[in-house]
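Residue numbers (my numbering): 267 to 524. No residue lacks a Cβ here, since even glycine has one placed at the ideal position from N, Cα and C. Given the structure is predicted, the values throughout are model-derived calculations rather than measurements. Inspection log for the structure reproduced underneath, given as structure tokens.
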Amino acid sequence: MLQEGTKAVVVLSGKGGVGKSSVATGIAISLSEEGKKVGILDVDLCGPSVARILGLEGKEVMQSSEGWIPVQTDGENPLSVMSVSFLLASRDNAVVWRGPKKNAMIKQFFTDVVWGKLDYLIIDTPPGTSDEQLSCIEYLKETNFLNGAVLVTTPQSVSLVDVRKEISFCRKLEVPILGMVENMSGFQCPCCGEVTDIFSRGGGEKLAIEMGMKFLGRIPIELKWSEMEDRGKMTIQGEERKAVMLPFKQVIHGIASA
């Protein structure tokens with residue numbers, strides 16, 4: 267169960283393929299590097315990816331008398347991680363559940379997991395507006411843990427059209443929007459560090475201004491970041507990781523000040 271003082275941040279996107287899970291994971295890691303106690307919950311029940319990004323595939327949650335014990339990452343200030351993937355016999359197993367079973371599972375993630383004392387719980391959701399998002403938000407609002415939502419988009423117009431629907435979703439449910447992140451905002455050269463625009467640039471920031479919300483920052487396509495995700499070594503230490511985490515510092519400072 268969540269303890270008093272936990273700030274739950276729901277990470278949303280209007281469509282798939284914008285790197286929402288990567289952004290959610292990056293936010294969680296950056297907050298932990300600032301000394302915060304952080305949990306990350308993957309409620310994308312049909313397509314969980316947080317465990318893979320963090321190199322935790324194959325891990326299992328432990329059952330205690332108080333509930334499930336979340337999986338811990340390595341490092342000085344580890345993340346507490348919970349995902350349906352820890353409960354499946356194989357990574358290839360499909361989750362074929364209707365709404366009521368999904369809702370029950372998500373409620374269990376909040377009530378039956380021993381989260382301990384957290385400063386932040388980052389929640390990665392599936393794209394769009396579905397049962398998973400509704401279940402999360404309803405529970406967090408009822409229990410006063412909801413800090414707000416972070417919206418993730420890419421610079422292309424098709425992504426911006428879909429994220430408008432996510433903004434409408436949040437406003438209808440009276441969810442505070444902490445801000446917007448423009449992901450895949452240019453390609454960062456691994457040799458010189460210069461960022462070259464591949465798609466259009468600044469669409470996320472323009473939309474944030476138009477809709478009267480905070481723009482949290484741009485995250486470029488970074489080769490080392492992608493390689494670490496593919497290898498499942500997001501938790502490695504060293505200067506290389508510090509460099510790829512820099513864009514997230516602006517994002518988390520914007521979240522903290524929202």
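Gly365 sits exposed, since fewer than 16 C-beta atoms from the chains shown fall within 10 Å of its C-beta.
Taking all protein chains shown into account, Ile306 has 16 or more neighbouring C-beta atoms within 10 Å of its C-beta and is therefore buried.
Out of Ala294, Phe352, Leu426, the CA that lies nearest to the CA of Leu322 is found in Phe352. In the same chain as Gly483, and ignoring 5 residues on each side of it, the C-beta atoms closer than 7 Å to its own belong to Val447, Pro513, Gln516, Val517, Gly520, in chain order.
Here the C-alpha atom of Val316 lies approximately 13 Å from the C-alpha atom of Pro336.
Excluding residues up to 5 positions away in sequence, Glu488, Lys490, Trp491 lie with their Cβ nearer than 6 Å to the Cβ of Val510 in the same chain. Straight through space, the alpha carbons of Glu440 and Ala524 are spaced by roughly 16 Å. With fewer than 16 neighbouring CB atoms inside 10 Å of its own CB, Ala370 falls in the exposed class.
By the Cβ-count criterion, Met494 is buried, with 16 or more other Cβ atoms from all chains shown falling within 10 Å of its own Cβ. In the displayed model, Asp496 falls within a helix according to three-state DSSP.
Within the segment 323 to 388, the runs of beta strand (DSSP E) at least 3 residues long that lie entirely inside it are, in chain order, 328 to 330, 333 to 335, 346 to 349.
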